[in-house]
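Novice: Dropping the structure in here first, questions after.
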Amino acid sequence: MLSTRTIVSSIGILFSGTLAARLLSMLSIIIITRSVGPDQFGLYAASLALAKITSIVFSLGMSDWLLRNGNLKAQSIGLPERLTGSLVVQFSLGLVWLGLLSATAPHLDIAVYPTTLLLIVAITVWLEELVFTALTAFKVALDNRVTARLMIILQLLNLGPLILLMILETNTVTPFIIARGITTIFGAVGGIFFAFRRFSFRLHKTTILQSLRETMPFAASMALVLLYERVDVTIIAGSLGQEAAGLYAPAVSLVLALTLAPAAIHGVMVPTMSRLFIENVKTLPGIATRSIIWSALLGLFLGGGLAIGSRPLTFLLYGPDYGPLVDILIILSGVLFLRTVSFGLAAIIVTVGLQNMRVIAQAAAALSNIVFNLLIVKEYGISGVAFVYCLSETILMLGYALIVVKWLRTIRNTP
């Protein structure tokens, strides 16, 4: 059984690596945003939102599935087999997805979704998902020193060309996205190489079929996550234009970047609690309760800090052209608190095998997000969309809480 010291150390290593990687990623977004302005950045934000939402066709929630099941050995099937199967599935289905997107792109609104830009963004999303799955294997093995180093190297690789383009005073978004796509190719090759060097390549047809069958609840879950994280940008771009999307998207990007702490904790706690679930399930309720309390305290700290610092952050990071972001960030600080609590609850839900029930809560959140956004976007603009984001996150957090409370009652009443 893993010691508390090992768990805390692993969380600390992953957190520091994730912090550095997220800061570098955020710096990349800031460079693009300040260089091209809201209108051009809106084109990128709209294409990225569409690519992310449809990427579930190939991603299938494999990373979450691998995080949950990578340590569970059955019939001599271990982490190497599961990692190989996941990457083969994502690579193959990704090619199909790119083909479908290429055929569909010319029929979309070219003013919002330029075909070339959309396809470059899509290729980048595909490669990033492959790298993320490869890095998940290191998380499963709690080899988070390697995870942290690889995340930082990949972000530094992306950042270099963007700095050069900024120095050259490039003011259109396409060169930035092409540069990011090229560096992502090198990053994907390197990340997957290191993963297979560490865990080896073991391809089994039965493992692929098993992963496709078992990942369906995770795929549904991920599809709903992508909907309530990205559909607002898509709706804004379609209803209010790319400039409005270019104003709203940086605020969401900043909020998601600030979830790095709960994301790091989630990435360690799922495989750790999965082991405890097999070895000594009676210890889980106490750990789960403490995890929820600490998640709520962390959420209050992060959300309150964002609300207080929204004005200086906006002008420091994005410049005066993005002044309207101040009010949006104050509203979205509520999302940061709610999302942090949800991370803590989700780790428990995934660990104890209640993923199917999680999907119900996510479906309610996603549906409310879409319906209310479509109803209010024209009248209330991006501020209204931000309020809807808070509402959908509240629905999600309450749904997760109900699932966890029900499980805690059941396990405590079990002899």
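Using the working numbering, the first residue of the sequence shown is number 579, and each one after it goes up by one. Using N, Cα and C, we set each Cβ at its ideal position, and we do this for glycine too. The structure displayed is predicted, hence computed values, not measured ones.
Should T711 go down as buried or exposed, given a rule of 16 or more other Cβ atoms within 10 Å for buried?
Specialist: One-based indexing of the sequence shown puts residue 711 at position 133. Answer is buried; the Cβ neighbour count reaches 16.
Novice: If you draw a straight line from the alpha carbon of L626 to that of V703, how long is it in whole angstroms?
Specialist: The count along the sequence shown starts at 1 and reaches residue 626 at position 48. The count along the sequence shown starts at 1 and reaches residue 703 at position 125. Rounded to whole angstroms, L626 to V703 spans 8 Å at the Cα level.
Novice: Do G765 and V674 have their CB atoms nearer than 8 Å?
Specialist: Start at 1 with the first residue of the sequence shown, and residue 765 comes out as number 187. Start at 1 with the first residue of the sequence shown, and residue 674 comes out as number 96. Cβ atoms of G765 and V674: not closer than 8 Å.
Novice: Spatial neighbours of R889 within its chain, please: CB distance less than 7 Å, with the 5 preceding and 5 following residues excluded, ordered by chain position.
Specialist: Counted from its first residue, the sequence shown places residue 889 at position 311. For R889, where only same-chain residues beyond five positions count, the Cβ hits under 7 Å are V904.
Novice: Quick check on the DSSP output: the alpha helix (DSSP H) that includes V904 runs from which residue to which?
Specialist: Locating residue 904 in the sequence shown gives position 326, counting from the first residue. V904 -> alpha helix (DSSP H) spans 903-929.
Novice: Check each candidate in G877, A689, L825 and name the one with the smallest Cα separation from T892.
Specialist: Looking up residue 892 in the sequence shown gives position 314. If we check each option's Cα against that of T892, L825 comes out closest.
Novice: With a threshold of 7 Å on Cβ separation, who are the neighbours of S654 within its own chain once the five nearest residues in sequence on each side are excluded?
Specialist: Taking the sequence shown and counting its residues from 1, one reaches residue 654 at position 76. Caution applies to S654, whose pLDDT of 49 falls short of 50 and renders its modelled position unreliable; the model cannot decide the point.
Novice: So, at 6 Å on beta carbons, what are the nonlocal neighbours of W643 in its own chain, with the 5 sequence-adjacent residues on each side left out?
Specialist: If you number the sequence shown from 1, residue 643 lands on position 65. Taken in chain order, the residues that qualify are T793, F796.
Novice: Pair every Cβ in the segment 960-980 with every Cβ in the segment 904-921, then say whether three or more of these pairs are closer than 8 Å.
Specialist: With a cut-off of 8 Å, the segment 904-921 and the segment 960-980 count as touching, because enough Cβ pairs lie within range.
Novice: Please confirm if the segment 657-677 is in contact with the segment 768-777, defined as three or more CB-CB distances below 8 Å between the two stretches.
Specialist: Enough Cβ pairs lie closer than 8 Å, so yes.
Novice: Go through the segment 758-825 residue by residue and report every complete run of the alpha helix (DSSP H) that reaches 4 residues or more, in order.
Specialist: Fully enclosed alpha helix (DSSP H) runs of 4 or longer: 783-792, 794-818.
Novice: Tell me which residue opens and which closes the alpha helix (DSSP H) that I688 is part of.
Specialist: Start at 1 with the first residue of the sequence shown, and residue 688 comes out as number 110. Element bounds for I688: n/a, residue is neither H nor E.
Novice: Compute the beta-carbon to beta-carbon distance between P840 and L802, rounded to the nearest angstrom, for a pair I have assumed lies under 8 Å.
Specialist: Residue 840 sits at position 262 when you count from the first residue of the sequence shown. Residue 802 sits at position 224 when you count from the first residue of the sequence shown. Rounded, the Cβ-Cβ distance is 18 Å, inconsistent with contact.
Novice: Taking the alpha helix (DSSP H) that S637 belongs to, which residues open and close that run?
Specialist: Here residue 637 refers to the residue found at position 59 of the sequence shown. First-last of the alpha helix (DSSP H) with S637: 634-637.
Novice: In three-state DSSP terms, what is L746?
Specialist: As a working note, residue 746 is residue 168 in the sequence shown. DSSP places L746 in coil when its eight states are reduced to three.
Novice: Helix, strand or coil: how does DSSP classify L932 here?
Specialist: Position 354 of the sequence shown, counted from the start, is the residue given in the question as residue 932. Of the three classes helix, strand and coil, the one that applies to L932 here is coil, per DSSP.
Novice: Measure the CB-CB distance between A726 and S594 and report whether it falls below 8 Å.
Specialist: Taking the sequence shown and counting its residues from 1, one reaches residue 726 at position 148. Taking the sequence shown and counting its residues from 1, one reaches residue 594 at position 16. Yes.
Novice: Could you check the C-alpha separation between R808 and P616 for me, to the nearest Å?
Specialist: Position 230 of the sequence shown holds residue 808. Position 38 of the sequence shown holds residue 616. Each residue's alpha carbon lies about 18 Å from the other.
Novice: Please report the straight-line C-alpha distance between T596 and M729, rounded to a whole angstrom.
Specialist: In the sequence shown, the residue the question calls residue 596 occupies position 18. In the sequence shown, the residue the question calls residue 729 occupies position 151. Whole-angstrom Cα-Cα distance: 7 Å.
Novice: Spell out a yes or no on whether the segment 602-613 and the segment 677-684 are touching, meaning 3 or more CB-CB pairs, one atom from each, closer than 8 Å.
Specialist: The segment 602-613 is not in contact with the segment 677-684.
Novice: Would you mind sorting P898 into buried or exposed? The rule is 16 or more other CB atoms within 10 Å of its CB.
Specialist: The residue labelled residue 898 in the question sits at position 320 within the sequence shown. So P898 ends up on the exposed side.
Novice: Are the CB atoms of K717 and L601 within a distance shorter than 8 Å?
Specialist: Here residue 601 refers to the residue found at position 23 of the sequence shown. Here residue 717 refers to the residue found at position 139 of the sequence shown. For L601 and K717, no; Cβs fall outside 8 Å.
Novice: Quick check on the burial criterion: 16 or more other C-beta atoms within 10 angstroms. Buried or exposed for E747?
Specialist: Within the sequence shown, residue 747 is the residue found at index 169, counting from 1. Burial call: exposed.
Novice: Are the beta-carbon atoms belonging to A822 and I960 less than 8 Å from one another?
Specialist: As a position in the sequence shown, residue 822 is number 244, starting the count at 1. As a position in the sequence shown, residue 960 is number 382, starting the count at 1. The answer is yes: Cβ separation under 8 Å.
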